[in-house]
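Numbering (this note's numbering), first residue to last: 8 to 149.
Structure below.
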């Protein structure tokens, strides 16, 4: 075996360690001196108007069962929210039977529902707890 082999290996390892340490030190110096945080200038920023200053929607009494996508959008909902409301209407049987049922639609926020509630032409709550009609089914014996 060559007696100089361990010394050559030691030198190679030492060179690799020195290179790694120099890379780490260089990265530290770079981040400390060249990557300074810049404070943004907020003097030119215009703030959004508060919602209370926006003109109120002119809302007439309406039946939510007869509204189309465009009419829901005119009430202040986004197109995505309007589509969700119409899909929910189909899920609950094709029409809303009460204001409570409409309120359960997750795309209508509580704040928006309170704004629309006086104009909704539906009873506050349905008489039966569900959409299931017992009278539709006949009792059959086997």
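Don't be surprised by glycine CBs; every beta carbon is placed ideally from N, CA and C.
{"query": "Under 9 angstroms between C-beta atoms of residue 84 and residue 128", "result": "no"}
{"query": "Beta-carbon spacing of residue 114, residue 92 below 9 angstroms", "result": "yes"}
{"query": "As assigned by DSSP and simplified to three states, the class of residue 120", "result": "helix"}
{"query": "Residues near residue 21 by beta carbon distance below 8 angstroms, same chain, minus five either side", "result": "none"}
{"query": "Beta bridge counterpart(s) of residue 127 as assigned by DSSP", "result": "69"}
{"query": "Under the three-state DSSP convention, the category residue 113 falls into", "result": "coil"}
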